[in-house]
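Engineer: Residues 457 to 543 (our numbering) make up the sequence shown, in order.
Even for Gly, the Cβ is constructed at its ideal location relative to N, Cα and C.
One structure follows; several queries about it will come next.
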Amino acid sequence: MTISAKKMKSLKLSKQANGTLSKVVEMIENDEYCPDIIQQVNSVCGFLKSVKRELLAGHLDSCVAKKMVENKSKTIDELLKIYNLSN
Numbered sequence: 457m458t459i460s461a462k463k464m465k466s467l468k469l470s471k472q473a474n475g476t477l478s479k480v481v482e483m484i485e486n487d488e489y490c491p492d493i494i495q496q497v498n499s500v501c502g503f504l505k506s507v508k509r510e511l512l513a514g515h516l517d518s519c520v521a522k523k524m525v526e527n528k529s530k531t532i533d534e535l536l537k538i539y540n541l542s543n
């Protein structure tokens, strides 16, 4: 099974978030300047938001169409759950 382009992009962004988060931990351990740490935390949050957006786009593009045919009601419930978790 091959990973979709959206999941590959999500993987890359997740790895970037992970690397930046490691940097945040290091900065805190080294007692670096708080605004600099906060800037890196914001960067992690941005990466994770992008991961979520890419995964959702991929899911809507590939999975939802098939699932709507199989079980429309369950698929709508799943989408509402994803929506509620995102807010």
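Nearest to Leu467 by CA position, among Gln495, Met524, Pro491, Arg509, is which residue?
Structural biologist: Stepping through the sequence shown from its first residue, residue 467 is reached at position 11. The option with the nearest alpha carbon to Leu467 is Arg509.
Engineer: Are the Cβ atoms of Ala473 and Val497 separated by less than 8 Å?
Structural biologist: Stepping through the sequence shown from its first residue, residue 473 is reached at position 17. Stepping through the sequence shown from its first residue, residue 497 is reached at position 41. No, they are not a contact pair.
Engineer: So, helix, strand or coil for Thr476, using DSSP?
Structural biologist: For the purposes of this step, residue 476 is identified with residue 20 of the sequence shown, where counting begins at 1. Helix, per DSSP.
Engineer: Secondary structure at Ser460, three-state DSSP: helix, strand or coil?
Structural biologist: On the sequence shown, residue 460 is found 4 positions in, with the first residue counted as 1. Coil.
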